[in-house]
Each structure stands twice: as C-alpha cells, then as structure tokens.
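The structure appears right after this line, and notes come after that.
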Amino acid sequence: MGQAQTPFVCLVTLCLASLERTLRHINDTGSLPCDGKCQGGELPSDRPLWLRRHWLILLEVIFGEILLADTLAANPDELRGAEQAIASVRVLRCGHAEQHKEHRYGSKLPQLWWVFFGRSWVRLPLQVFLIEHRDGLVLFDTGIDPAIMTDNRYIKQAIGRFLLPRIFKLHITESDRIDHVLADTGVAASDIRMAVISHLHFDHVGGIAQLPDADLLVSAREWAILSEPHPEREWILREHIELPSARWRQITFEPTDDPLFEGFGGIHDVAGDGSMILLPTPGHTAGSMSMLIRQKGWDPILLMGDLSYEAKLLEQDVVPGTGDGSTLLASFAAVRRLKEQLPELALVASHDFAARAAVMQATRDTMQDQDKAQ
Ligand SMILES: [Zn+2]
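3 is the number of the first residue of the sequence shown in my numbering; add one for each residue after it.
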C-alpha cells in the first residue's frame, strides 16, 4: 500500500472503531453513549451478548475489506512497487588491462599501425554486473579466464598468441575468475541462474565454465559468428565457448510498437516483467546487445557491454579503433534516442571506470566499495 494512503486508512479505522463503540452502546443499552452519565436508563436486550457483539465486528471487517481493496485497486503502480523486481545491481571487477589509446578513442591510422607502433596505453577495468532479480541471480557477462595468463595454449592459433600482448596488457590473477569474484561478494557461482552475454569476446565469456547452473543468453546473430570463417580473428574463441557444460540459449528480438524502442531492431524481455530488456546494439561485434534495467525508484540503467568503452564517448559520437564504424554510429544514435526519452538513463560501459559510480547513483546505492573500482 502506498504511504500516501496510510494516514487516510488510519483515520477511517478510528472512525470505524468509534462507530462500533457507538453502535455497541446503542445495541446494549438502547441509547446513545453518555460518557458515564447514564443513570439506570439502560434497556435490557432479549438477544444473547455474543450475538449482539459479533454482528458489529462482522460489519467492521466487511467495511475494512472494501476500503482496503478499493485503495489497492486505485493504485496498481504502488501495489507493484511493494514487490521490487530487482533488489540490487552490483559492479564486479575481474582484473584490469591496458589498451592502446588509439584502440579506446579511435584513430585515423590503420589498426595494424597502432597495434605495432602505438606507445600510449590506457588502463581499463574488466567488469561484470550482478543483478539480484526476484526470480534469481543474473550476471551480465562473465569476465575473463585467468588461465589465459598461465596456459600458453589458451589461444590455439599462433597468430592470436602473437598479437594478444600487442593489443592488450592483461593484469589478471587467479582471484579474478568469476567464481572467486562472486565468492568475495558472498555469492556462490552455482547460485547464478542466468548470464546475459553481451557479446562473445574472450573477456566476456571467460567465466562460463564456472556457471554450470546458469542459462547463457546470447543473441542469435552473435552466435552465427561461430559458423562464419575464422571467428578467432575477431577474438571469438570457439573452444572456450562451445563447452559441453554450457547451457547456451540463443535469443531473437521481437518487434515492438513501444515508441521508447523505436531506434532498435526489436526487444527481448528477459523476465517478462519489463525490468530487464535486451536491445540489439551491433557494431563492436555483429550481434552485440545491451540490457536496459528499469526499477521503480531508480534511474534506468543501460548496460551496454563494449558498444562504447566509456559512456561519455558514446555521447560524443567517438568511434573506437575497432568494430564496424557505421554500425556503431547507428547504435550510438539509437541509444541517444533512448536517452532523450529517458533523460535520467545511466549509460554503463563494461570497461569504464565510471561504471560503478553511475550504477550506485542510479540505484541510490551507498554500499558498494568505491575503492575497488580504481
Ligand atoms: Zn569486446
């Protein structure tokens, strides 16, 4: 029930109690209440006392039920608000890395030039998001597998092993594996019911082996990359994705006439309650998707994976050094159109140090440890 109704209900309850007292007095005495001034004028009733009392209580209960039902029916939003779909959104760190400045902020130089000759490195966090939904715990992405640091066959192709350290400097330890990161927050990996995979890059799917009880949601378009020639050239490593234990679920986007989502090619409502809406945001990879989180009392949040490396870069239309430029710009425009309609929308990128503060502000959360974000 809404707080605004509480004083009203209290007032009516008092009135009902007073009415009951008055009726009971009339019923028992045949006169109005006289505040103790009655002088023997009471008329004895020929009905038993329990019968005289109980019809009054019954009347009060019926009045109360009608009043309560009417109050709730008039405020369906407040009734829904009584049961929050999402209790919290947490930003979890799975290590950090460095990338070339040209990679993060874009460059007119050819990609191979800055890969080999770029000298300015930018630090970035590897982050995943833990959503506490009433149907179960949901992860948005699963981080990187620390085995990439110790297993020199983690990347099968020699060209990949040669290029990786020239594109990224990884700073990952065993404690950055998703099950350990979750344990640090008091959550067992086996408690994760679903992981939404924004895209299939190795630093977003690296934890799926630790999540045998989770459905893994991926867009059908992204999954199709595995059937195209050489997905490993896009850093999509089949051998770490097509695991026997992995419960992959391909999702497609349904058309919608909701004007809010006009710029996107459909939506997918994860829980069926509007709290977690998947949106296709291609460009970084062909099947990349973002997730819109909406919860009463919060600002809406768009978890956008690697669509942009920083929220402000998307707002400034800064295209990074990888991905399909024109597709990225179209997705940026769709996201900005969404933000025009939801001005409070928090844009949250997976590799943005500003992500945690943005989520905390949107969810009115003061509990997450800011220091770990640095
Ligand atoms: Zn990526």
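By construction, the Cβ of each residue, glycine as well, lies at the ideal position given by its N, Cα and C atoms.
Element boundaries [alpha helix (DSSP H), containing residue i]
i    : result
E317 : 313–317
H182 : 180–186
L262 : Here L262 belongs to no alpha helix (DSSP H), and DSSP marks it neither H nor E.
M151 : 149–152
E104 : 103–107
H206 : 204–207
P1   : No answer is possible for residue 1: it lies beyond the span of the chain, which begins at 3 and ends at 376.
Cβ-Cβ distance between residue i and residue j below 7 Å
i    : j    : result
I243 : L218 : no
P282 : G267 : yes
I400 : V350 : Since the first and last residues shown for the chain are 3 and 376, residue 400 lies out of range.
G224 : G289 : Residue identity differs from the one stated: residue 224 is Glu in this sequence, not Gly. It is a contact, given that the beta carbons lie within the stated cut-off.
I146 : I174 : yes
M293 : L305 : yes
V207 : L94  : no
G209 : T287 : no
L239 : F204 : yes
G307 : H201 : yes
I133 : V91  : yes
Y311 : R106 : yes
A313 : G265 : no
D137 : A226 : no
Residue i - containing beta strand (DSSP E), residue span
i    : result
W250 : 249–253
L114 : Taken as a continuous stretch (DSSP letters only), L114 belongs to no beta strand (DSSP E), being part of the alpha helix (DSSP H) at 113–119.
R195 : 194–198
F131 : 123–135
G267 : Neither: G267 is in no beta strand (DSSP E) and is coded neither H nor E.
G138 : 138–142
I174 : I174 -> no beta strand (DSSP E), and no H or E assigned at all.
I303 : 303–305
S292 : 291–295
I279 : 278–282
Proximal residues to residue i (C-beta, below 6 Å), its chain only, five neighbours per side dropped
i    : result
H270 : I253, F255, L280
C12  : With a pLDDT of only 40 at C12, under 50, the local geometry of the prediction cannot be trusted, and no value is derived from it.
I194 : L139, L141, L213, A216
D367 : none
A364 : W300, D301, I303, A348
M196 : V140, A216, D217
C40  : In this predicted model, C40 has a pLDDT of only 39, less than 50, meaning its place in the structure is not dependable enough to derive any value.
M369 : none
T258 : I269
Own chain residues within Cβ distance below 7 Å of residue i, not counting five before or after
i    : result
R125 : H98, E100
S333 : T283, P284, G285, L309
E104 : L111, W116, G120, G323
A211 : L245, S247
K171 : A99, E100, W123
I88  : I133, E134, H135, S277, I295, Q297
I68  : In this prediction, I68 has a pLDDT of 42, which is less than 50 and means its spatial position is unreliable; what the coordinates show is noted afterwards. Correct list: empty, nothing qualifies.
D326 : G285
S192 : D215
Beta carbon proximity, residue i to chain B, threshold 7 Å
i    : result
P231 : Considering every chain present, this structure includes no chain B. It has just one protein chain.
Close-in-space but distant-in-sequence residues of the same chain around residue i (CB under 8 Å, 5 per side omitted)
i    : result
R338 : L316, E317
N154 : R163
Worksheet entry | Segments of 3+ residues assigned as beta strand (DSSP E) that fall wholly inside the region 324–366 | 348–350
Worksheet entry | 4-residue-minimum alpha helix (DSSP H) runs that sit fully inside the region 211–243, ordered along the chain | 222–226
Practice prompt. Please confirm if the region 316–324 is in contact with the region 352–368, defined as three or more CB-CB distances below 8 Å between the two stretches.
Written response: no
Worksheet item: Touch check for the region 126–134 and the region 344–354: three-plus C-beta pairs under 8 Å?
Response: yes
Discussion item. Contact between the region 176–185 and the region 230–238 is defined here as three or more beta-carbon pairs at a separation below 8 Å; is this criterion met?
Written reply: no
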